[in-house]
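Written out below as structure tokens is the structure these notes cover.
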Amino acid sequence: MLKVSNLFVNYGGIQAVRDVSFEVKAGEIVSLIGANGAGKSTILKTISGIMRPKSGLINYNDRAIQNASASSIVAAGISQVPEGRHIFSGMTVQENLEMGAFLHKRSESLTSTFDEIFSQFPVLKERRNQDAATLSGGEQQMLAMARALMARPKLLLLDEPSMGLAPIYIQRVFDIIQMIQSQGTTVLLIEQNAKQALSIADRGYVLASGEIKMTGTGDELLANPQVQAAYLGGA
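Numbering follows UniProt numbering, in which position 155 of the sequence shown is assigned residue number 155; successive positions increment by one, without gaps.
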């Protein structure tokens with residue numbers, strides 16, 4: 001579904017991503033793990049068209065998208081949940097969700113999408129007329145994920161979805177990610193919480209200093225002594 005080849009990206013004059021290659025197959029959860037500043041978010045922003053690569057290829061369903069506009073990438077079926085959630089304060093939960101559905105042309109299709117979202121996120125249905133800024137951090141994260149799903153993506157990009165959340169919401173977020181996958185959406189997950197990310201991943205890649213250093217299944221990386229020492233609190 002997604003194939004990134006020999007990607008180089010500069011960020012503020014610094015080479016943030018160096019010769020990165022990886023792939024995401026349809027139906028998978030793939031995790032990119034690494035320390036803060038490893039280049040994870042830069043990769044996601046480049047895939048979604050927010051940043052431009054210095055060189056390299058990004059192929060999505062056999063179409064090169066590295067120079068495509070962000071709006072056309074969303075239209076093609078890729079949605080991103082940004083780090084820090086970035087919900088729209090001063091707007092209700094429902095209005096935030098409507099912003100995620102701006103590509104929908106038919107009202108009946110939009111109604112069906114709302115029904116699906118509210119069945120997946122019942123707390124948002126309860127708070128649909130509430131200012132999104134008044135939600136808890138965990139509820140705001142659910143809103144950010146639901147807003148991205150309003151576009152009916154085939155590939156969902158998640159940037160640090162557990163950051164800053166209480167433990168009860170962290171588990172809920174990872175449960176939701178697995179639910180999203182089970183309903184047919186492919187997921188590329190960027191996380192500092194390596195243990196949680198790898199525990200639900202079909203495959204993972206370890207990123208350090210802008211380069212991929214290691215790859216394997218989620219279970220293989222969880223069992224790897226180097227990964228344990230660097231990211232899982234192992235000896």
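The beta carbon of each residue, even a glycine, is placed where N, CA and C say it ideally should be. Computed from a prediction, not measured in an experiment: that's the story for all the values here.
How many angstroms separate the CA atom of residue i from the CA atom of residue j?
i, j, result
"ARG85", "PHE114", "20 Å"
"GLN80", "ASP202", "20 Å"
"SER162", "ILE170", "5 Å"
"TYR60", "LEU149", "18 Å"
"LEU147", "ALA101", "Looking at the sequence shown, residue 147 is not Leu but Arg. Answer to the nearest angstrom: the Cα atoms are 8 Å apart."
"GLY39", "GLU139", "27 Å"
"ALA70", "LEU44", "12 Å"
"ALA235", "ALA76", "For ALA235, the predicted structure reports a pLDDT of 46, less than 50, and the residue's modelled location is therefore unreliable. A value from the coordinates is still provided. Cα-Cα distance, rounded: 44 Å."
"GLN192", "ILE33", "6 Å"
"PHE22", "GLN120", "30 Å"
"THR111", "ARG128", "14 Å"
"VAL20", "PHE8", "7 Å"
"GLU116", "ASP62", "29 Å"
"MET51", "LEU97", "24 Å"
"LEU124", "VAL173", "14 Å"
"ILE177", "GLY12", "32 Å"
"ILE87", "GLN94", "11 Å"
"VAL17", "GLU211", "6 Å"
"LEU165", "TYR231", "19 Å"
"ILE180", "SER209", "30 Å"
Just to confirm, are residue i and residue j a CB contact at a threshold of 8 Å?
i, j, result
"THR186", "GLY204", "no"
"ILE29", "ILE200", "yes"
"LYS195", "VAL206", "no"
"LEU157", "ILE78", "yes"
"ASN6", "LYS54", "no"
"LEU155", "LEU188", "yes"
"GLN130", "THR92", "yes"
"GLY49", "ILE73", "yes"
Based on DSSP bridge pairs, tell me the residues matched to residue i.
i, result
"LYS3", "GLU23, ASN59"
"ALA64", "ASN59"
"ALA208", "GLU211"
"ASN10", "GLN15"
"GLN183", "DSSP output for GLN183 lists no bridge partner at all."
"THR217", "ARG203"
"GLU98", "Partner(s): none; GLU98 has no beta bridge."
For residue i, count neighbouring C-beta atoms within 10 Å of its own C-beta (all shown protein chains included) and say buried if the count is 16 or more, exposed if not.
i, result
"GLU126", "exposed"
"THR46", "buried"
"PRO153", "buried"
"ASP159", "buried"
"SER89", "exposed"
"residue 241", "An answer regarding residue 241 cannot be provided, because it is not within the stretch 1 to 235 covered by the chain."
"PRO167", "exposed"
"SER31", "buried"
"LEU103", "exposed"
"SER41", "buried"
"PRO82", "buried"
"ALA132", "buried"
"MET145", "buried"
query = For the stretch 63–93, which segments carrying the beta strand (DSSP E) assignment without a break, of at least 3 residues, lie completely within its bounds, in sequence order?
reply = 78–81
request  = Tell me the start and end of each unbroken alpha helix (DSSP H) in the stretch 111–154 that is at least 4 residues and wholly inside, in chain order.
outcome  = 122–126, 137–149
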